[in-house]
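*Asks:* Dropping the structure in here first, questions after.
Chains as they are written, first to last, in the working numbering: chain S, 3 to 318; chain P, 3 to 318.
Here is the structure:
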């Protein structure tokens, strides 16, 4: 198959776009598509101070690479979670991230969970009942807290993550199977800061398929960590991704259309309007300010993160 | 495995209900469940004159059997569609339906499409562009028209169909993949008559799994037509049913919870309120009265059915 734009051999064929591109035109196309998404969804501008949450994986490093090429002011934030998994997952992903940022002269901030809180995510998870033996729930809580904290402290105006279409469609799929109103009414590729202690969030890769991000990282020679987090196996998100891949294989474009038609239907007024006021949480409930960290919480006391970390300090 | 209610051998184990029952308690349970659904969703009462649309398949004959046992005033309507498929599909399904009603002394009305309109569904479909080669779209249109017409002419207060949970969940699944607002805001196991020319509709089996209906028909000795309509193969509904079966196999109860949580979320106000006035269609648009048949239509002229049938009369 030949590249649509030149006579070179295509390295990827995107059935849902009926578009095949070569190793030169493909990364150009991805960069242009991301720019279009950032602008069309009013995510941020070149005036914004952007903080990219980087894990060392293909999506977040590629996103940082794209933002760098597009000339946005984008610094990176790596969160060391203290996960080993028998192959030094955290150590290796940190090494790749540092290598990536040094090669491009980019600014990388590092937040170290075991260093700061005396224990890694798996140990924190063991102390709580959240997640029924899987540390993913605690991990999400800790990452959200630290990302927001780092963005506020560093004066960043927007926090961006490398979630791709497969991630977003799988989350939507899971929340649709249970008709989770809070998610369906609120979740968005751009989340405004609804509380003084929150920073605006955006997902510039939400229209790009996971396999397209892998191809981008490979063709750009980005050395990302190939291994997934050891706790990912058997997760619901992987399960939903596989189901969606099956639908996509039968109907190219189904995954993209599922997510985009959701956004479109919501814009057309499908859902009852959720409270759009400031200081309300995902379910429209009032938000309080945590006396420990200043971030929002749904209870008028220490937030779940502060309790998680504080509980540790109280235990023997 | 033993029956939950006695010491006999169980003939079915319903994982989603954690319930195994024997050949005596199982049909009793299905009948009781259907009664509960009819009452809980205010579908109809013993005062209503009920018309059951029967195809000769397991679901509709079983439904008629259940309503008969429960003492509802339920007559049957069989629509002969003129579909052969190499095995006399319409002839055989009509024969089974007649046999069923005669054995129970029930009243059966028969509407014969080829006799009344000079051609069967496959021929009607060939003349139009609806359905891209598949007659299913034309078939649905014709059946809806005839069912409603027969219910009005016979003075029935409610029209019931044998749609089971698998049918309903598959339709919801397809409409969710495309976020079809008209369906999501309106479709319901009970549809009130929103126009003088429409009869109220209900689906008393919507909470019962397809395999449970098969087991019911078998244990009750109902001789239904085993073959599916020859045009069903490769349909979207079959595709969605298979996907849902896969999810169900991994998480027993997922199918039921998907459909029930949708109804619950809607009741809780998830969706923007669709126009609830009379004389509005599924998308909230105004409904006109067809000058040909008196049934509602979204255009101020002959309805699609009358045009479909009329077009034939004008052609050579």
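A virtual CB, placed ideally from N, CA and C, is assigned to each residue, including glycine.
1. Across which residues does DSSP place residue 51 of chain S in a beta bridge pair?
2. Can you give, in chain order, each stretch of the beta strand (DSSP E) that sits fully within the region 88-129 of chain P and has at least 3 residues?
3. Entirely within the region 7-42 of chain P and at least 3 residues each: give me those beta strand (DSSP E) ranges in chain order.
4. Counting only C-beta atoms, is residue 271 of chain P closer than 7 Å to chain S at any point?
5. Alpha carbon to alpha carbon, what distance is there between residue 242 of chain S and residue 265 of chain S?
6. For residue 161 of chain P, which beta-bridge partners are listed by DSSP?
7. Once you ignore the five residues that flank residue 318 of chain S on each side, which residues in its own chain have a CB closer than 8 Å to its CB?
8. Taking 7 Å as the limit between beta carbons, can you name the residues of its chain near residue 12 of chain P, skipping five residues before and five after?
9. In chain order, what residues of the same chain lie with their CB nearer than 7 Å to the CB of residue 122 of chain S, ignoring the 5 residues before and after it?
10. Verify whether the separation of the beta carbon atoms of residue 94 of chain P and residue 249 of chain P is less than 7 Å.
11. Run through DSSP, which three-state label would residue 81 of chain S get?
12. Use the C-beta contact count for residue 240 of chain P: other C-beta atoms within 10 angstroms, 16 or more gives buried, fewer gives exposed.
13. Is it true that the CB of residue 307 of chain P sits closer than 7 Å to the CB of residue 161 of chain P?
14. Buried or exposed, going by whether 16 or more other CB atoms sit within 10 Å of the CB of residue 252 of chain P?
15. Just confirm the distance between the C-beta atoms of residue 76 of chain P and residue 54 of chain P, as a whole number of angstroms; I'd bet it's less than 8 Å.
16. Which ranges does the alpha helix (DSSP H) cover as unbroken runs of at least 4 residues, wholly within the region 130-186 of chain S, from first to last along the chain?
17. Can you tell me which of the three DSSP states residue 302 of chain P falls into?
18. For residue 98 of chain S, which option in S:192, S:176, S:56, S:72 has the closest C-alpha, if you only look at C-alpha atoms?
19. Count the other C-beta atoms from every protein chain shown that fall within 10 angstroms of the C-beta of residue 270 of chain P, then say buried if there are 16 or more, exposed otherwise.
20. Give me whichever residues DSSP pairs with residue 193 of chain S in a beta bridge.
21. Indicate whether at least one CB of chain P lies closer than 7 Å to the CB of residue 167 of chain S.
22. Closer than 8 Å, Cβ to any Cβ of chain P: which residues of the region 229-249 of chain S, in chain order?
23. Residue 106 of chain S: which of S:267, S:73, S:87, S:154 sits nearest, CA to CA?
24. Return the chain-ordered ranges of every beta strand (DSSP E) run that is complete within the region 202-265 of chain S and spans a minimum of 3 residues.
25. On the three-state DSSP scale, how would you describe residue 290 of chain S?
26. Out of P:63, P:130, P:29, P:125, state which residue places its alpha-carbon closest to the alpha-carbon of residue 110 of chain P.
27. Just to confirm, does residue 258 of chain S get its C-beta within under 6 Å of one of the non-hydrogen atoms of the ligand ADP?
28. Put residue 273 of chain S into one of helix, strand or coil per three-state DSSP.
29. On the CB-based measure, 16 or more other CB atoms within 10 Å of its CB, does residue 210 of chain S come out buried or exposed?
30. I need the straight-line Cα distance from residue 15 of chain P to residue 294 of chain S, nearest angstrom please.
31. Any idea if residue 236 of chain S is buried or exposed, counting beta-carbon neighbours within 10 angstroms, 16 or more meaning buried?
32. For residue 314 of chain S, which residues from the same chain have a beta carbon less than 8 Å from its beta carbon, with the 5 sequence-adjacent residues on both sides left out?
33. Under 7 Å between beta-carbons, which chain S residues line up against residue 274 of chain P? List them in chain order, please.
34. Look at the alpha carbon of residue 232 of chain P and the alpha carbon of residue 58 of chain P, and state the distance between them as a whole number of angstroms.
35. Could you tell me whether the Cβ of residue 260 of chain P comes closer than 7 Å to any Cβ of chain S?
*Replies:* The structure says:
1. Under the DSSP definition of a beta bridge, residue 51 of chain S partners with S:75.
2. You should have 110-114.
3. Complete beta strand (DSSP E) runs here, min 3: 14-16, 21-23.
4. Output row for residue 271 of chain P: interface = yes.
5. Those two C-alpha atoms are separated by around 19 Å.
6. In DSSP, residue 161 of chain P forms a bridge with P:53, P:203.
7. Any answer about residue 318 of chain S is weak, because its pLDDT of 37 lies below 50 and its placement is not dependable; what the coordinates show is given next. Listed in chain order, the non-local C-beta contacts of residue 318 of chain S below 8 Å within the same chain number zero, local neighbours out to five positions each way being set aside.
8. Closer than 7 Å at Cβ, skipping near neighbours: 3, 4, 5, 22, 23, 24.
9. Here residue 122 of chain S has 83, 84, 85, 115, 116 as same chain residues with Cβ atoms under 7 Å from its own Cβ, once five neighbours each way along the sequence are excluded.
10. For the pair residue 94 of chain P and residue 249 of chain P, the CB atoms are not nearer than the 7 Å cut-off.
11. In this structure, residue 81 of chain S counts as strand in the three-state DSSP scheme.
12. It counts as exposed.
13. No, they are not a contact pair.
14. It is exposed - the Cβ of residue 252 of chain P has fewer than 16 other Cβ atoms within 10 Å.
15. Contact between residue 76 of chain P and residue 54 of chain P holds, since their C-beta atoms are separated by about 5 Å, short of 8 Å.
16. Listed in chain order, the complete alpha helix (DSSP H) runs (minimum 4 residues) inside the region 130-186 of chain S are 138-155, 167-179.
17. In the three-state scheme derived from DSSP, where H, G and I count as helix and E and B as strand, residue 302 of chain P is classed as coil.
18. Ranking the options by Cα distance to residue 98 of chain S, first place goes to S:56.
19. Per the 10 Å Cβ criterion, exposed.
20. Answer is S:203, bridged to residue 193 of chain S.
21. Contact with chain P is absent for residue 167 of chain S, since none of that chain's Cβ atoms lies less than 7 Å from the residue's Cβ.
22. Residues passing the 8 Å Cβ filter: 241, 245, 248, 249.
23. Residue nearest to residue 106 of chain S within the set S:267, S:73, S:87, S:154 is S:73 (criterion: CA-CA distance).
24. Counting only unbroken stretches of 3 or more residues, the beta strand (DSSP E) elements lying wholly within the region 202-265 of chain S are 202-204, in sequence order.
25. Reduced to three states, the DSSP call for residue 290 of chain S is strand.
26. Ranking P:63, P:130, P:29, P:125 by Cα distance to residue 110 of chain P puts P:63 first.
27. Looking at this structure, you won't find the ligand ADP or any other ligand, since it has none at all.
28. The three-state secondary structure of residue 273 of chain S, taken from DSSP, is strand.
29. Per the 10 Å Cβ criterion, buried.
30. Roughly 52 Å between the two C-alpha positions.
31. Exposed: under 16 other Cβ atoms inside 10 Å.
32. Caution applies to residue 314 of chain S, whose pLDDT of 48 falls short of 50 and renders its modelled position unreliable; the value that the coordinates give is listed next. Correct list, in chain order: 119, 120, 121, 126, 129.
33. Contact note: residue 274 of chain P reaches chain S through 271, 272, 273, 274, using a C-beta cutoff of 7 Å and chain order.
34. The alpha-carbon separation between residue 232 of chain P and residue 58 of chain P amounts to approximately 14 Å.
35. Judged by the 7 Å Cβ criterion, residue 260 of chain P is in contact with chain S.
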